[in-house]
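Residue numbers (the numbering used here), protein chains in the order written: chain F, 1 to 365; chain C, 366 to 730.
Comments concern the structure below.
Structure (structure tokens):
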């Protein structure tokens, strides 16, 4: 029997797009000692959020509120939008998949940067939309090139992460606003702000949900330290949110995660502490770079792109780091792949990571 | 600006398909005292699973293993299949959505029973496939009618829940096997076994992953008491599992949930206790039916369909129950909608539910 897949599925090539640290640990036959490669937070969770999660475990038998009512209302109040201008789902990845489904038919043109967040591309390819890319400009996503390409191909969606993953750079609000204002007719901006809490004021463009051209994505995975809990949200024009409601899995949020996120939203003391600790950890990577005569790109995220000079040297460093029990990754596309991406951690672990890098760099090819 | 939705999205009508108990509580302005309407488990979680979840909370900052390696291997060993003949995702609902996407183009014929699990229909409609239904035969899904309709319309998918929701009935393995063996060319069975742990031996058709015509869905939401944690899985031919891997959200499983499910799989002492307590609770509903001169359909799930004689009486009963703080639901389609669906609970709560029903039935129209 030939399995009767849908037309678009039959066209998809086999792939293993995502290899997690656990799989690498199984291959090497030992756990990593330091896990600083997946942009996870090393700075804990909100104590009020953790207490709520502890308490909610006893309610694991109950489905979560499918509307995420309390979480949406808490976030909406914080952001100054209406609660029905927001949808919560199991992480930004899930929301990006729904977004592509909402706006893309087979062949619909979509624009992103070459080397930017791969999960968006994964969904674009999965739905058979046509992915167009423009190069980074140095270590920055090139908003002018994105705009030019969007006009050239008649894009339906343009993806921008601000701050950016994998480089940790960011644009100021005026640059993002210029991108928004310059979008072609019938083109929307997928604005991924997963790391926005780590950036200083002036990086996030003003939220204007009356403008249907911007879908803004945020998450509890990064500053809030809840990647394993899967809570992300999208803020957008009400009509777009209504469309998400027509296709999303209404019961896919974890009840414990929802409780934890709701109790964490306004824990500003926690966020302030995390931001300070992240900044201190950045400084230690910058100091390491100085010491080694390398370039570290100033970071607006919870990782730092450390330029080791070439892909070959970067790959050799990652391999040696793994031998020393340190899990780290690097960007996959030139010119970004001269760098390794150093996940920020607490002082003791950060010192260990930096010392290990310092001991290995002199031996690199 | 007219928002440029994809063609299939633009065709979808606005709807609010799922109303959870929390929304009903907000509308009535008070919490429910007894929550026995959403087929959730009232019988706790595996102690080993709960201990694993408590411990895993501290790792909330880490993404879960995207391959669910340990969970798949534990389940595969238990079921006698290979680990690559299984995919784990955030609940059966999520997997049903992916299944429709894998096999259905716009207009692809799909067959289910009128009044069966609505989330499957939600996804069929969401992807623009053509939903065909056949009536229940009494309170049973009619496998012969499903087969006949599948041949008539040239169905790509046929949905069967065994045991069934919302009626709690089931077919024996031979009947399900006859359905499988009789499927048209290019037609697959979506076999939803969410409640299979509550059924006696002989209800589940033998698992044969060499047959690409059967996708079998199971969950930790029911017998394992983890609905709020979102862990379901699909067992199928390797080539079908490979296709799921091309489109699913690889990081959408909650880390705590994954740890809890993995530690629960083989807790047979727990499952044995739950099954015994569910059986005792069924008996108390059967006894209530006898006492009231009503018919209770013998249940193979964690709820009992209690026939109160008419839709009007059923709706009146649900309204009065809500006034008494009891959340309960009923099937929406004739002839099933003569019944209310009594969720099974622990002895004290079960007695309270039964007494409340007993006090209200004499006042029904």
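Where a beta carbon is used, it is the ideal one built from N, C-alpha and C, also for glycine.
Item to check | Reference residue 117/F; option with closest CA among 344/F, 330/F and 356/F | outcome: Check the Cα spacing between residue 117/F and each of 344/F, 330/F and 356/F: the tightest is with 330/F.
Checklist entry - If you measure beta-carbon to beta-carbon, which residues of the stretch 422-445 of chain C are closer than 9 Å to chain B? => result You won't find chain B in this structure, because its protein chains are F and C.
Checklist entry - Can you list, in chain order, the residues of its chain whose CB lies under 7 Å from that of residue 365/F, leaving out five sequence neighbours each side? => result Closer than 7 Å at Cβ, skipping near neighbours: 312, 313 and 316.
Item to check | Beta-carbon gap between residue 692/C and residue 397/C smaller than 8 Å | outcome: Closer than 8 Å, so yes.
Item to check | Inter-residue CB distance, residue 185/F and residue 368/C (contact presumed, cutoff 8 Å) | outcome: The Cβ separation is near 12 Å, so there is no contact.
Checklist entry - Comparing the C-beta of residue 711/C with each C-beta of chain F, is any distance below 8 Å? => result No - not a single Cβ of chain F is within 8 Å of the one on residue 711/C.
Checklist entry - Is any beta-carbon of chain F found at less than 8 Å from that of residue 592/C? => result So yes, residue 592/C belongs to the interface.
Checklist entry - For residue 573/C and chain F, any beta-carbon pair shorter than 8 Å? => result Interface with chain F (8 Å Cβ-Cβ cutoff): residue 573/C is excluded.
Checklist entry - Would a check of beta-carbon distances place residue 102/F closer than 8 Å to chain C? => result Closer than 8 Å to some Cβ of chain C, the Cβ of residue 102/F qualifies, so yes.
Checklist entry - Between which two residues does the beta strand (DSSP E) harbouring residue 109/F extend? => result 109-113 is the extent of the beta strand (DSSP E) around residue 109/F.
Item to check | Min CB distance residue 328/F to chain C below 8 Å | outcome: No, no contact with chain C.
Next on the checklist: My assumption, with CB atoms under 8 Å, is that residue 419/C sits in contact with residue 61/F. Please give the rounded CB distance.
Outcome noted: Contact flag wrong, Cβ pair sits at about 16 Å.
Checklist entry - Do the stretch 533-544 of chain C and the stretch 505-518 of chain C touch if we need at least three Cβ pairs shorter than 8 Å? => result Using a Cβ-Cβ distance cut-off of 8 Å, the stretch 533-544 of chain C and the stretch 505-518 of chain C are in contact, since at least three pairs of beta carbons, one from each stretch, lie closer than that value.
Checklist entry - Leaving out five residues before and five after residue 441/C in sequence, what residues of the same chain have Cβ atoms less than 8 Å from its Cβ? => result Here residue 441/C has 447, 448, 450 and 451 as same chain residues with Cβ atoms under 8 Å from its own Cβ, once five neighbours each way along the sequence are excluded.
Checklist entry - So, helix, strand or coil for residue 89/F, using DSSP? => result Of the three classes helix, strand and coil, the one that applies to residue 89/F here is strand, per DSSP.
Item to check | residue 354/F (DSSP reduced to helix, strand or coil) | outcome: In the structure shown, residue 354/F sits in a helix (DSSP, three-state: H, G or I).
Checklist entry - Under 8 Å between C-beta atoms, does residue 146/F make it to chain C? => result Not closer than 8 Å to any Cβ of chain C, the Cβ of residue 146/F fails to qualify, so no.
Checklist entry - Among the residues of its own chain, which have a CB less than 6 Å from the CB of residue 500/C, if the five just before and after it don't count? => result Closer than 6 Å at the Cβ level, and outside the excluded window around residue 500/C, lie 479.
Checklist entry - In chain F, what lies closer than 8 Å to residue 702/C by C-beta? => result Per Cβ cutoff of 8 Å: no residues; residue 702/C is ~22 Å from chain F at best.
Checklist entry - Are residue 204/F and residue 173/F closer than 8 Å when you measure CB to CB? => result Cβ distance < 8 Å, so residue 204/F and residue 173/F count as in contact.
Checklist entry - What are the residues of the stretch 589-621 of chain C that lie near chain F, defined by any Cβ-Cβ distance shorter than 8 Å? => result In summary, the residues of the stretch 589-621 of chain C whose CB is separated from some CB of chain F by less than 8 Å are 590, 591, 592, 593, 594, 595, 602, 604, 605, 607, 608, 610, 611, 612, 614, 615, 616, 617, 618, 619, 620 and 621, in the order they occur in the chain.
Item to check | Contact belief for residue 207/F with residue 318/F at Cβ below 8 Å, rounded distance in angstroms | outcome: That belief does not hold up - the Cβ atoms of residue 207/F and residue 318/F are roughly 38 Å apart, past 8 Å.
Next on the checklist: Counting only Cβ pairs nearer than 9 Å, list the residues of chain F close to residue 377/C.
Outcome noted: Going along chain F in sequence order, the residues near residue 377/C (Cβ under 9 Å) are 243, 246 and 247.
Checklist entry - When burial is assigned at 16 or more other CB atoms within 10 Å of the CB, is residue 627/C buried or exposed? => result Per the 10 Å Cβ criterion, buried.
Next on the checklist: Can you determine whether any heavy atom of the ligand GTP sits closer than 7 Å to the C-beta of residue 609/C, and answer yes or no?
Outcome noted: Summarising the ligand content, the structure contains no ligands, and the ligand GTP is consequently not present.
Checklist entry - Quick one: which chain F residues come within Cβ less than 9 Å of residue 374/C? => result Within 9 Å Cβ-Cβ: 101, 102, 103, 243, 246 and 247.
Checklist entry - Any idea if residue 305/F is buried or exposed, counting beta-carbon neighbours within 10 angstroms, 16 or more meaning buried? => result It is buried - the Cβ of residue 305/F has at least 16 other Cβ atoms within 10 Å.
Checklist entry - Quick one: what's got a C-beta closer than 7 Å to residue 453/C's C-beta in the same chain, skipping five residues either side? => result Cβ contact annotation for residue 453/C (same chain, cutoff 7 Å, sequence separation greater than five): 433, 436, 437, 596, 598 and 618, in chain order.
Checklist entry - Can you list the residues of chain C that residue 177/F reaches, using a CB-CB cut of under 9 Å? => result Under the 9 Å cutoff, chain C gives no residues; its nearest Cβ is about 17 Å from residue 177/F.
Checklist entry - What is the DSSP secondary structure of residue 498/C, reduced to helix, strand or coil? => result Residue state, collapsed to three classes: strand.
Item to check | Sequence-distant residues of its chain with Cβ nearer than 7 Å to residue 600/C (five each side left out) | outcome: Here the set comprises 444, 446, 450, 451, 572, 574 and 581.
Item to check | Buried or exposed (CB count within 10 angstroms, at least 16 for buried), residue 384/C | outcome: By the Cβ-count criterion, residue 384/C is exposed, with fewer than 16 other Cβ atoms from all chains shown falling within 10 Å of its own Cβ.
Next on the checklist: Any contact between the stretch 651-670 of chain C and the stretch 453-466 of chain C? By contact I mean 3 or more CB pairs, one from each, below 8 Å.
Outcome noted: With the cut-off at 8 Å, the stretch 651-670 of chain C and the stretch 453-466 of chain C do not touch.
Checklist entry - Are any of the Cβ atoms in chain C nearer than 8 Å to that of residue 6/F? => result Taking Cβ atoms only, chain C reaches closer than 8 Å to residue 6/F, which makes this a yes.
Next on the checklist: Which residue marks the beginning of the alpha helix (DSSP H) containing residue 158/F, and which one marks its end?
Outcome noted: Counting along the chain, residue 158/F falls outside any alpha helix (DSSP H), though it belongs to the beta strand (DSSP E) covering 157-161.
Checklist entry - Which residue from 674/C, 472/C, 615/C and 685/C puts its Cα closest to that of residue 97/F? => result The shortest C-alpha separation from residue 97/F is found at 615/C.
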